[in-house]
Amino acid sequence: ADGARVPVLVIGTGYGGSVAALRLAQAGVEVHMIEMGMAWDTPGSDGKIFCNTREPDYRSYWLRTRTKAPLNYFLGFPIDRDIPRHTGILDAEEFAGITVYQGRGVGGGSLVNGGMAVTPKRENFAAVLPSVDADEMYGVYYPRANSGLGVGLVDPAWFDTTACYQYARVGRKHAQRSGFPFTFVPDVYDWDYMKQEAAGTVPQSALAGEILYGNNQGKKSLQKTYLARARATGKVTISPLHQVTSVAPAAGGGYTVRIDQLATDGSVTAAKTVTATRVFFAAGSVGTSKLLVKLKATGALPGLDDEVGKGWGDNGNVMCGRANHLWDPTGKLQSAIPCAGIDNWSAGGAFAEVAPLPTGIETYASFYLSITNTPHRAQFSWNAATGKVDLSWQTAWKQTSIDMAKTIFDKINAKEGTIYRTDLFGVYKIWGDHLTYHPLGGAVLNRATDNYGRLAGHPGLYVIDGSLIPGNTTVNPFVTITALAERNIEKIIATDL
Ligand code: FDA
């Protein structure tokens, strides 16, 4: 409530924020979480909380009047459509050189992501987080994160026979025929539930194209894992449709936090002020970086380090499709949850997921999201003229990622006698190089913060989300974000409280 004084305020309810809230509450601390997106706990008139990828409606996008689908063309035709402006679940946030997709709502990115829960190979960890003890991470915090998130693997025998992974089996066959290591990708989806979907005994979700705009059944989003446990302590309150706009030192100690309450059309219905002894920035790589860069530049938090805003990367994301021969159909029923990957990281700098194209018709297309070892890093900066935060990323930098992805797909195309699809991202456009799903960095660990996320110059302020990670995790990022948060909050509880 307006004017309240609280011990801990957490900005954002994604992975970092949910870990912080659970562990602080278990340590006996009362936690208030502020989330700009909706609660996503009430069904619409169709009886469903979330819409699917085939029929995006008002629930799909954050304050847009037209959808902005990551895969925005099909057979060369644009597929975006008009929608009412609403505080929907997926934000396609546009910067000059890149569109950054993010989840909005209680659960953050866990609401919209594919649930692929990948722990980086240990030999790659030093490049991901150089100042963090790998023994501790692999001995304690990665296992803790995997169990807290409910990570599991597809049953390989079922994978081999089910219609909904025909597309992934084609991906495996082509990878193996070209000599690439193939791996199953773990996921937080309830695999038993998916088997029942395929058997027709429960309502379909992964098999009904539910992913990008939320999943109504089997996906274990944070609402079902960390946040459910946090709420069960009785010590955590969550305020959805509340957006933090400022944090500044308070006269009597602690921090004054300014918060706008939002209506579902995005308008501000109330402005509130709360005083918090400690504030955790968990607004995601972009959300946290934007706040910190603005607060430093405008003098609200003058003590922040010059490293704030730096070290941002796109996890090397690039997408492409391949056109298969008629004897390699990928299936008209495709599980929206990917489970297969092609690992060419050490030789070519690319890890590619065999992704679904859940259109409901046979496309003969194989679709891939590659994570690549791009060296490019961008910086957030305050633009006083526009009153906004800019990001220096350049679209041309994606060429490095494309070259790395080509180490896999040029070889597969040569072996199979196939070509790239040119109709998925425009007219005669092969590469999806305009976007990222995996924003990382902007308040990098041991640079903008100390080695546990404490912000320099302002005791009681912490960063605990993807902005701590300097631009790349070699695989999908949320397991690493969760494990790092587990590590940092344990230290903070032991030494600061
Ligand atoms: P996260 O973004 O989860 O949470 C931040 C929260 O803060 C959001 O809920 C936001 O609304 C809120 N917020 C921001 N600013 C605020 C403010 N000023 N006031 C109040 N609240 C504010 N990763 C992976 O490992 N496997 C996968 O399969 C995928 N797939 C995938 C698909 C798609 C479509 C997307 C968009 C992303 C993925 N990801 C993924 C990425 C993954 O979801 C992402 O890395 C994490 O959600 C990031 O976790 P954080 O805790 O950093 O922030």
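Going letter by letter, the sequence shown gives residues 10 to 506 in mature numbering (1 follows the signal peptide of the UniProt record, and there is no 0). Beta carbons: idealized from backbone N, C-alpha and C, even for Gly. This structure is a prediction, so every number in the text was calculated from the model and none was measured.
- With 16 or more other CB atoms across the displayed protein chains lying within 10 angstroms of its CB, N324 is buried.
- Where L378 is concerned, the enclosing beta strand (DSSP E) starts and stops at A374 to T381.
- Here V137 is near T489, since their CB atoms are less than 8 Å apart.
- The continuous beta strand (DSSP E) containing N353 extends over residues A349 to N353.
- Y437 has its CB no nearer than 7 Å to any heavy atom of ligand 1.
- In the DSSP assignment, no residue is bridged to D442.
- With a threshold of 7 Å, the Cβ atom of D323 does not count as near ligand 1, since no heavy atom of the ligand is closer than that.
- Non-local beta-carbon contacts of D169 in its own chain, meaning distances under 8 Å to residues more than five positions away in sequence, involve R178 in chain order.
- For T108, the uninterrupted beta strand (DSSP E) segment begins and ends at T108 to G112.
- Contact annotation: the segment 394-409 touches the segment 433-445, with at least three C-beta pairs closer than 8 Å.
- The closest CA to that of M42, considering only A48, R32 and G26, is found on G26.
- In this structure Q111 is in contact with G293, their Cβ atoms being roughly 6 Å apart against a cut-off of 8 Å.
- The Cβ atoms of T416 and G357 sit closer than 8 Å to each other.
- Relative to ligand 1, N122 has its C-beta within less than 7 Å of a heavy atom.
- From the listed residues W354, T368 and T372, the smallest Cα separation to I380 is found for W354.
- Remark: three or more beta-carbon pairs, one from each stretch, lie closer than 8 Å, so the segment 96-109 and the segment 71-78 are flagged as touching.
- Beta-bridge analysis with DSSP links A280 to D269.
- Within the DSSP secondary-structure output, T96 pairs in a beta bridge with W71.
- Straight-line measurement puts the Cα of Y437 at about 4 Å from the Cα of T431.
- In the structure shown, the three-state DSSP call for V488 is helix.
- Cβ neighbours of G21 within its own chain (closer than 7 Å, five residues either side excluded): E44, G117, A291, A292, G293, G296 and D474.
- DSSP places I421 in the helix class (H, G or I) of the three-state scheme.
- Under a 10 Å Cβ-count criterion, I421 is classified as buried, with 16 or more other Cβ atoms of the shown protein chains found around its own Cβ.
- In this structure, DSSP gives C173 a helical state, which the three-state scheme calls helix.
- By the neighbour-count criterion, in which a residue is buried when 16 or more other Cβ atoms sit within 10 angstroms of its Cβ, K397 is exposed.
- If you keep only unbroken alpha helix (DSSP H) runs of at least 4 residues inside the segment 13-88, you get 24-35.
- Your pair V19 and E39 does not check out as a contact, with CB atoms roughly 11 Å apart and the cut at 8 Å.
- Here DSSP, grouped into helix, strand and coil, assigns E145 to helix.
- Where D399 is concerned, the enclosing beta strand (DSSP E) starts and stops at K397 to L400.
- Pairing V288 with W440, the inter-Cα distance amounts to about 40 Å.
- When the five nearest sequence neighbours on each side are left out, the beta carbons in the same chain lying within less than 6 Å of the beta carbon of K229 are those of G159 and V197, in order along the chain.
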